[in-house]
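Novice:
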Amino acid sequence: MKNKIFSLTILMLVIITSCKDKANEVETKDAEKVAKAEESAVSYTVDTDNSLIMWKGFKPTGSHNGVITVSGGDFELKDDNLQSGSVTIDMKSIEVLDIPKEEKGNAKLKGHLTSADFFDVETYPYANFAITDVSESDGKTMIEGNLTIKDVTNNISIPVTTTVDGDRMTLKSEKFTIDRSKWNVRYGSKSFFDDLGDSFINDDIELQIDVNASKS
1179 MKNKIFSLTI LMLVIITSCK DKANEVETKD AEKVAKAEES AVSYTVDTDN SLIMWKGFKP
1239 TGSHNGVITV SGGDFELKDD NLQSGSVTID MKSIEVLDIP KEEKGNAKLK GHLTSADFFD
1299 VETYPYANFA ITDVSESDGK TMIEGNLTIK DVTNNISIPV TTTVDGDRMT LKSEKFTIDR
1359 SKWNVRYGSK SFFDDLGDSF INDDIELQID VNASKS
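In terms of the working numbering, the sequence shown opens at residue 1179 and continues consecutively.
1) Would you report the Cα separation of Asp-1227 and Glu-1322, rounded to the nearest angstrom?
2) Taking Cβ positions, are Gly-1244 and Val-1220 nearer each other than 8 angstroms?
3) Given Ser-1249, which residues of its chain have a CB within under 8 angstroms of its CB, disregarding the five upstream and five downstream residues?
4) By Cβ distance, which residues of its chain are closer than 6 angstroms to Met-1347, with the 5 residues on each side in sequence left out?
5) What do you reckon, are the CB atoms on Thr-1310 and Glu-1210 nearer than 8 angstroms?
6) Is the distance from the Cβ of Thr-1341 to the Cβ of Asn-1202 below 8 angstroms?
7) Can you say whether Asn-1362 is buried or exposed, counting buried as having 16 or more other CB atoms within 10 angstroms of its CB?
8) Should Lys-1234 be labelled buried (16 or more other beta-carbon atoms within 10 Å of its own) or exposed?
9) Given that a residue counts as buried once 16 or more other Cβ atoms are within 10 Å of its Cβ, and exposed if not, what is Ala-1374?
10) Output the boundary residues of the beta strand (DSSP E) element that contains Lys-1350.
11) Exposed or buried, Ala-1285, counting other C-beta atoms within 10 Å across all chains shown (16 or more means buried)?
12) Go through its chain and collect everything with a Cβ distance to Asp-1258's Cβ below 6 angstroms, but skip five positions before and after it.
13) Is Phe-1371 buried or exposed, if buried means 16 or more other CB atoms sit within 10 Å of its CB?
14) Comparing alpha-carbon positions, which option in Asp-1382, Ile-1387, Glu-1384, Phe-1378 lies nearest Thr-1239?
15) Identify which residue in Glu-1216, Thr-1247, Ser-1262, Lys-1237 has its Cα closest to the Cα of Ser-1313.
16) If we require 4 or more residues per run, which alpha helix (DSSP H) segments fall completely within the region 1274 to 1313?
17) Tell whether a beta-carbon distance below 8 angstroms holds between Leu-1230 and Asp-1388.
18) According to DSSP, simplified to helix, strand and coil, what is Asn-1362?
19) Given Val-1204, which residues of its chain have a CB within under 8 angstroms of its CB, disregarding the five upstream and five downstream residues?
20) Using only CA atoms, which one of Asn-1332, Glu-1281, Lys-1237, Ser-1369 lies nearest to Asn-1127?
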């Protein structure tokens, strides 16, 4: 009995710690019209070799994390201020970092994430984020954008930092969390299934965008 209580206590601590460490969930709205830059804006092309999206997924017993590569995109800036842009995300490139690559669990998890259970990359090989608005709030740059995953598009708002240095620019978001169920990613989701018990996987996916670009 004591062992059961101890195990339950450990499990609850893991859940509480995981929730505490999670970034705030962004508001999800209907898709909006994509922003257009002024004709005099300067274009920057995404450097795909130096751009990544970090991800982290949660379950009752802990979490997994990894990266996804950016396969293309561009931004338009006027007087070093971001006006518009988009990035294309290569969903086939999902990598798992918390499990050593030589272990079977790495390939198993990657295979599951890329399968029809999750992101179905054979059918939907790319995701996309397109800026719909740029504003300043409490000293932070906020970008709203249409995030498309599995042909489902929702508009989200995230805080970012943009830096321009010569012919190079960097856009880096703060960590933020999306609710995968709103993009029809159903596996193990309590939003779709009632009989999962403790075998569910949280709807929350934590993301952080780190994109580099060069003047076109």
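Quick reminder that beta carbons are idealized off the backbone N, C-alpha and C, glycines included.
Specialist: In short, the structure shows the following:
1) Distance from the CA of Asp-1227 to the CA of Glu-1322, rounded to the nearest whole angstrom, comes to 25 angstroms.
2) The answer is no: Cβ separation not under 8 angstroms.
3) Excluding positions up to five away in sequence, the list reads Thr-1226, Thr-1266, Ile-1267, Asp-1268, Ser-1271, Tyr-1304.
4) Here the set comprises Tyr-1222, Ala-1391.
5) Thr-1310 is a Cβ neighbour of Glu-1210, given a cutoff of 8 angstroms.
6) No, the pair does not count as a contact, with Cβ atoms beyond the cut-off.
7) Its Cβ having fewer than 16 others within 10 Å, Asn-1362 is exposed.
8) Per the 10 Å Cβ criterion, buried.
9) It should be pointed out that residue 1374 corresponds to Leu in this sequence rather than to Ala. Looking at its Cβ environment, which holds fewer than 16 other Cβ atoms inside 10 Å, Leu-1374 is exposed.
10) If you look at Lys-1350, you'll find it in the beta strand (DSSP E) that goes 1346 to 1351.
11) Under this definition Ala-1285 is an exposed residue.
12) Contacts found: Val-1342.
13) Exposed, since its Cβ has fewer than 16 Cβ neighbours within 10 Å.
14) Closest option to Thr-1239, Cα to Cα, is Phe-1378.
15) Ser-1262 is the residue among Glu-1216, Thr-1247, Ser-1262, Lys-1237 whose C-alpha sits nearest the C-alpha of Ser-1313.
16) Listed in chain order, they are 1282 to 1292.
17) Yes, the Cβ-Cβ distance between Leu-1230 and Asp-1388 is below 8 angstroms.
18) In this structure, Asn-1362 counts as coil in the three-state DSSP scheme.
19) Cβ within range, chain order: Ile-1334, Ser-1335, Ile-1336, Phe-1354, Thr-1355, Ile-1356.
20) Because residue 1127 is not part of the residues shown, which for the chain are 1179 to 1394, the question remains open.
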